[in-house]
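Sequence order for the protein chains is A and B.
Under the working numbering, the first residue of the first sequence is numbered 721, with each subsequent residue one higher.
Under the working numbering, the first residue of the second sequence is numbered 259, with each subsequent residue one higher.
What follows is a single structure, written as structure tokens, with notes after it.
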Amino acid sequence: AQKITQTQPGMFVQEKEAVTLDCTYDTSDQSYGLFWYKQPSSGEMIFLIYQGSYDEQNATEGRYSLNFQKARKSANLVISASQLGDSAMYFCAMREGLGGGSYIPTFGRGTSLIVHP
Amino acid sequence: DGGITQSPKYLFRKEGQNVTLSCEQNLNHDAMYWYRQDPGQGLRLIYYSQIVNDFQKGDIAEGYSVSREKKESFPLTVTSAQKNPTAFYLCASSLRTPGYTIYFGEGSWLTVV
Chain A
721 AQKITQTQPG
731 MFVQEKEAVT
741 LDCTYDTSDQ
751 SYGLFWYKQP
761 SSGEMIFLIY
771 QGSYDEQNAT
781 EGRYSLNFQK
791 ARKSANLVIS
801 ASQLGDSAMY
811 FCAMREGLGG
821 GSYIPTFGRG
831 TSLIVHP
Chain B
259 DGGITQSPKY
269 LFRKEGQNVT
279 LSCEQNLNHD
289 AMYWYRQDPG
299 QGLRLIYYSQ
309 IVNDFQKGDI
319 AEGYSVSREK
329 KESFPLTVTS
339 AQKNPTAFYL
349 CASSLRTPGY
359 TIYFGEGSWL
369 TVV
């Protein structure tokens, strides 16, 4: 079974509008971390935002916010006021404990976001 | 500046050859990882290492080998046993806590010719 599921292979948004990228996860751990990364066409992986499983508040970083719904095991990324430079692949990732202090990062298949002018 | 350095950026390999991708970090991270990414796909874990002189297979370890003789270095060898090696390879490192960010190198493009 997939640990991280991103159901939207591709998304289109108009410049200056908000967009939500979906991510659901599967874990039986109580302590885990959720991450979003941006991958432009150059290939580098850029860290965007982090949410801890014990965090009460949704994480925010500038135009990025993470809509964390623990009971639904959902960690959606919201990008407000989209810009042309936001066009990229976006990956949701999770670190969960596997025992012995191992927190192996696993990634979803990604969502391709295209921002139209 | 601290970071992860991968080399080479682009590599061409003839069939039947082994090639080694370098990954060096100066972030003092214990954990290091190798991922493979195929076009339009997510990241799949090849190998990971939590401490020096120890490493574990990931989901797609067949045809690959690694070593971790130093904390800073985690080279990946793509052997001739790997049937479809053409891909983008990403090295990453982190501290061994769930809340710590995973840092990536810039990646290496491997093409079999």
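Backbone N, C-alpha and C define an ideal beta-carbon position, used for all residues, glycine too.
Quick check on the DSSP output: what are the complete beta strand (DSSP E) runs of length 3 or more inside the segment 739 to 807 of chain A, in order along the chain? 739 to 741, 752 to 759, 766 to 772, 784 to 789 and 794 to 799
* To do: Kindly examine the ligand HEM and report whether one of its heavy atoms sits closer than 7 Å to the Cβ of residue 804 (chain A).
  => Looking for the ligand HEM in the displayed structure turns up nothing, as the structure carries no ligands at all.
Worksheet item: Taking the C-alpha atoms as reference points, what is the distance between residue 286 (chain B) and residue 265 (chain B)?
Response: 19 Å
_Please tell me whether residue 796 (chain A) and residue 746 (chain A) are closer than 8 Å, where the distance is taken between their beta carbons._
no
List the residues that DSSP assigns as beta-bridge partners of residue 340 (chain B). None, per the DSSP bridge assignment.
Item to complete: Out of A:799, A:793, A:835 and A:806, point me to the one whose CA is closest to residue 722 (chain A)'s CA.
Response: A:793
For residue 738 (chain A), count neighbouring C-beta atoms within 10 Å of its own C-beta (all shown protein chains included) and say buried if the count is 16 or more, exposed if not. exposed
Simplified DSSP assignment, three categories, for residue 730 (chain A)
strand
**Report entry** Proximity to residue 807 (chain A) [Cα-Cα], best of A:835, A:772 and A:752
**Finding:** A:835
Checklist line | Selection from A:831, A:815 and A:829 that minimises the alpha carbon distance to residue 749 (chain A) | finding: A:815
- Task: Determine, using beta carbons only, whether residue 332 (chain B) comes closer than 8 Å to chain A.
- Result: no
As assigned by DSSP and simplified to three states, the class of residue 345 (chain B) | strand
Item checked: Within chain A, the residues that residue 282 (chain B) reaches when beta carbons sit closer than 8 Å -> By Cβ distance, chain A contributes nothing, its closest Cβ being about 16 Å from residue 282 (chain B), past 8 Å.
Measuring CB to CB, does residue 803 (chain A) end up less than 8 Å from residue 786 (chain A)? no
Query raised in the report: Exposed or buried, what is residue 283 (chain B) when buried is set at 16 or more other beta-carbons lying within 10 Å of its beta-carbon?
Result: buried
query = Would you say residue 356 (chain B) reaches chain A, if we count a Cβ-Cβ gap shorter than 8 Å as a contact?
reply = yes
Give a yes or no on whether 8 Å exceeds the smallest Cβ distance from residue 834 (chain A) to chain B. no
Practice item. Tell me whether residue 305 (chain B) sits in a helix, a strand or coil according to DSSP, three-state version. Key: strand
**Q.** Per-residue DSSP class, three states only, for residue 331 (chain B)
**A.** strand
Is the beta carbon of residue 343 (chain B) sitting closer than 8 Å to the one on residue 370 (chain B)? yes
Assigned exposure category for residue 272 (chain B) - 16 Cβ within 10 Å defines buried: exposed
Mapping the DSSP letters down to three states, classify residue 315 (chain B) as helix, strand or coil. strand
Query - Coil, strand or helix - residue 837 (chain A) by DSSP - result: coil
- Touch test, the segment 312 to 329 of chain B against the segment 357 to 370 of chain B, Cβ-Cβ under 8 Å, three pairs minimum: no
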